[in-house]
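In this note's numbering, the protein residues as written are 4 to 383.
Glycine included, C-beta positions come from ideal geometry on N, C-alpha and C.
Note that this is a predicted model, so its numbers are computed, not measured.
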């Protein structure tokens, strides 16, 4: 009890405000701690975490001025209870481990693999042929909100500068800095229909960029609190964390086609295997949307509610990462979690080059995983 009193005194009453809406939750990492008074919180939070859960508002500029300390009554992520599904993460052996000192976060895959690193203001370039880190490239301040490789470039949103850095995929040189608002540090940037797409504010502005000019050529207004994006099935799909919906946008007309109710607080989203998959932070489920009907056809309980996480589709599976459960594998044929690896690690996940790529934010590294090895790894 004395420890709680001392902590509350040191941090001040500002830390005990009412929580923000779930649309403002984010990963508790460096892009929530840019400086100032946050440094005191950063020093004290490791002492608090055994007692409290921490929720941080991460709208642009929010930093960690008003974190909320909530005393938990149970584990934040229960995971899947089905027998024979849970496996200790220590049993999974990666094909390669890439050291990325700092906070390796967002992932993009083309011929190489790219990893953002917010506290270092850099992007790491991984060579999948040699399984080595071959370059570290300076970008803007606090890269955030996803990465995408398209049109011969890597596109890097920067929360600290409120802009997008464009890198040449061949030379790693910065070719443009594009002024643009960043809707949320935990958002997305995607490519499709000859354009780059990103939400630029919390009001629901979806911006379409022409890669030939780096200019915004259209703005589509979707629901407030829309941050997560995917492109697939000839559409842009946008999650609204505030409204528990996914919006479908037609890139041919720049019009909203449908708004689809999903699980609680959807954030990250992926398209593949003939469906669209929404990871819902509010209840830890995944909603499967049929793009032919624009309806949810399955709700998959993954047991990973809370901030952070990511989702990707490829190599015959849907992959979910979250803290406490670094990797969960969903079989799209059965709409069930068939493997869930428990333990430390996880942050972002992508599939490409025949591998699953997993960033481990706290460990400061990136795993390359053979999906066949995942399937062959059995519980104790």
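Please state whether DSSP places residue i in a helix, a strand or coil.
{"i": "residue 94", "result": "helix"}
{"i": "residue 377", "result": "helix"}
{"i": "residue 68", "result": "Summary for residue 68: the model assigns pLDDT 28, below 50, so the residue's position carries little reliability; its value from the coordinates is reported in the next sentence. Note: residue 68 maps to coil in three-state DSSP."}
{"i": "residue 123", "result": "helix"}
{"i": "residue 294", "result": "coil"}
{"i": "residue 81", "result": "coil"}
{"i": "residue 313", "result": "strand"}
{"i": "residue 113", "result": "coil"}
{"i": "residue 107", "result": "strand"}
{"i": "residue 284", "result": "coil"}
{"i": "residue 366", "result": "coil"}
{"i": "residue 348", "result": "coil"}
{"i": "residue 132", "result": "coil"}
{"i": "residue 355", "result": "strand"}
{"i": "residue 430", "result": "Limits of the chain in this structure are 4 at one end and 383 at the other, which puts residue 430 out of reach."}
{"i": "residue 148", "result": "coil"}
{"i": "residue 180", "result": "strand"}
{"i": "residue 175", "result": "coil"}
{"i": "residue 337", "result": "coil"}
Using a 10 Å radius around the Cβ and a threshold of 16 neighbouring Cβ atoms, would you call residue i buried or exposed?
{"i": "residue 187", "result": "buried"}
{"i": "residue 318", "result": "buried"}
{"i": "residue 123", "result": "buried"}
{"i": "residue 174", "result": "exposed"}
{"i": "residue 381", "result": "exposed"}
{"i": "residue 316", "result": "buried"}
{"i": "residue 265", "result": "buried"}
{"i": "residue 350", "result": "buried"}
{"i": "residue 249", "result": "buried"}
{"i": "residue 189", "result": "buried"}
{"i": "residue 247", "result": "buried"}
{"i": "residue 134", "result": "exposed"}
{"i": "residue 128", "result": "buried"}
{"i": "residue 86", "result": "exposed"}
{"i": "residue 258", "result": "exposed"}
{"i": "residue 313", "result": "buried"}
{"i": "residue 106", "result": "buried"}
{"i": "residue 375", "result": "exposed"}
{"i": "residue 337", "result": "exposed"}
{"i": "residue 277", "result": "exposed"}
Note the first and the last residue of the continuous beta strand (DSSP E) segment covering residue i.
{"i": "residue 194", "result": "192-195"}
{"i": "residue 203", "result": "Run containing residue 203: none; DSSP gives neither H nor E here."}
{"i": "residue 168", "result": "166-171"}
{"i": "residue 88", "result": "Note, residue 88: premise wrong, no beta strand (DSSP E); not H, not E."}
{"i": "residue 185", "result": "Neither: residue 185 is in no beta strand (DSSP E) and is coded neither H nor E."}
{"i": "residue 334", "result": "327-334"}
{"i": "residue 307", "result": "Segment: none, residue 307 is in no beta strand (DSSP E) and carries neither H nor E."}
{"i": "residue 100", "result": "99-102"}
{"i": "residue 156", "result": "156-161"}
{"i": "residue 151", "result": "151-153"}
message = Which runs of the beta strand (DSSP E) at least 3 residues long sit entirely within the segment 205-280? Give them in chain order.
response = 208-213, 218-224, 229-235, 238-243, 248-253, 258-264 and 269-275
message = Can you confirm whether the segment 107-114 touches the segment 150-161 when touching is taken to mean that 3 or more C-beta pairs between the two stretches lie within less than 8 Å?
response = Segments in contact, yes.
query = Below 8 Å, can you find three or more Cβ-Cβ pairs linking the segment 239-254 to the segment 185-202?
reply = yes
query = Taking three-plus beta-carbon pairs below 8 Å as touching, is the segment 283-290 in contact with the segment 219-232?
reply = no
inquiry  = Quick test of the definition: if touching needs 3 or more C-beta pairs under 8 Å, does the segment 290-302 touch the segment 353-364?
reply    = no
ask   = Are the segment 242-254 and the segment 265-283 in contact at 8 Å, needing three or more beta carbon pairs?
value = yes
inquiry  = Can you confirm whether the segment 317-333 touches the segment 343-350 when touching is taken to mean that 3 or more C-beta pairs between the two stretches lie within less than 8 Å?
reply    = yes
Cβ pair count under 8 Å reaching 3, the segment 90-97 against the segment 122-141 = no
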